[in-house]
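FYI, in mature numbering (1 follows the signal peptide of the UniProt record, and there is no 0) the residues of the sequence shown are -32 to -1, 1 to 292. These notes are about the structure you will find just below.
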Amino acid sequence: MNRPTVKRHLLALCTAAGLGFGLGLAALPAKAETFITVLTGGTSGVYYPLGVALSNVYGKALPGAKVTAQATKASVENLNLLQAGRGEIGFTLGDSLSDAWKGNEEVGFKQKLEKLRTIAAIYPNYIQVVASKDSGIKTLADLKGKRVSVGAPKSGTELNARAIFGAAGLAYKDFAKTEYLPFGESVDLIKNRQLDATLISAGLGVAAIKDLSASQEITIVSIPADLVQKVGDAAYITETIPPGTYPGQSEPVPTAAVRNLLVSHSGVSDDAAYAMTRTLFENLDALAAAHVAAKQIKLDKTATQSPVPLHPGAIKYFKEKGLM
């Protein structure tokens, strides 16, 4: 079944938001069923609750439309789906987006995904290496010979794992066992003493990590600033996990971060992209209520920074706000 055009998606959104663009609305069926799919990530991560909140925001602004949040394997899958027109907006990590634009086949992009267009850069993903205290892991070097989960295959998290472990001089073959699992399943294995550590790339306050720390003592492993520089990718920046982010974490932990972005594609009309961008930034409180990570989304120049072109509709909004 063919998906309804994105222009229809904007029909109700423009009406609800008070936006008039001369779209010839009367020419469209008054009760045409419309669809907007928000591509998220695994249900135990941060993308999913934020994606559900974003779909609720769009749902309220799109009376009569069918707005859904789709659980996915996150960044790589989301970008491939957007390229194929099987979604209107999706979450991704910045390094994955860069690889998609280049067509890096090794990480899951069989061709250059040239239809991708950015809506906005949002909050940073903190790369959080979590180990059970019983494992004795205190540094990245201690992961050698241990059982480690690196995230779902070719997900944004797994790409981060390759980069960080590589910069630390570690390869997957150095681990006693390498698991390719999403956050929730990784944590379950640590609880059951079948896994020693996992790397999780997400906003702060990951539910899976909180769940683990409630059942046993954990260690958040430091990623030093000099190691972040060794990654050799501008998408990776130095950050700090504040004390008290997780139960039992009394000290700040240096780590790496990669900014997340919301991405659309060139098949989405300029007016629709403008409306989605405006609605996003006018409803940040609703997103922050869904997850603390959204509190770091700011309407400033960082929102305009992306390794692929911004959607013309997003550019229009940012220009109106004096950011471009």
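We put the beta carbon where it would ideally sit given N, CA and C, even for glycine. The structure displayed is predicted, hence computed values, not measured ones.
Do three or more CB pairs link the region 235 to 252 to the region 197 to 215 at distances below 8 Å? no
Residue span of the alpha helix (DSSP H) that contains Asn46, given as start and end: Ser43 to Gln51
Whose CA, out of Tyr16, Met292, Phe133 and Pro215, lies closest to the CA of residue 295? Since the first residue of the chain shown is -32 and the last is 292, residue 295 is not available in this structure.
Simplified DSSP assignment, three categories, for Glu56: Glu56 falls in the coil class under three-state DSSP.
Considering only residues of the region 245 to 276, which uninterrupted alpha helix (DSSP H) runs meet the minimum length of 4 residues and lie entirely inside it, listed in chain order? With a minimum length of 4 residues, the continuous alpha helix (DSSP H) runs that stay inside the region 245 to 276 are 252 to 258.
Taking the alpha carbon of Arg85 as the reference point, which residue from Leu291, Gly290, Tyr285 and Leu278 has its own alpha carbon closest? Leu278
Using only the alpha-carbon positions, how far apart do His259 and Ala109 sit? 32 Å
What's the C-alpha gap between Pro(-29) and Thr36? Per-residue confidence for Pro(-29) stands at a pLDDT of 48, beneath the threshold of 50, marking its modelled position as unreliable; the derived number appears in the next sentence. Answer to the nearest angstrom: the Cα atoms are 14 Å apart.
Kindly indicate the opening and closing residues of the beta strand (DSSP E) around Ile125. The sequence given here has Thr at residue 125, not Ile. Not the beta strand (DSSP E): Thr125 falls in the alpha helix (DSSP H), residues Gly124 to Ala135.
Going by the CB atoms, is the gap between Trp69 and Lys78 shorter than 9 Å? no
Suppose contacts are defined by Cβ-Cβ distances below 9 Å. Is Asp164 in contact with Ser100 by that definition? Ser100 is positioned such that its CB atom lies closer than 9 Å to that of Asp164.
So what does Tyr204 bridge to, in DSSP terms? Val226
For a test of the three-state rule: what should DSSP assign to Leu81, helix, strand or coil? The three-state reading of DSSP puts Leu81 in coil, since its state is none of H, G, I, E or B.
Residue span of the beta strand (DSSP E) that contains Lys101, given as start and end: Neither: Lys101 is in no beta strand (DSSP E) and is coded neither H nor E.
May I ask you to list the residues that DSSP assigns as paired with Leu61? Asn228
CB Ile168 to CB Val276, shorter than 9 Å? no
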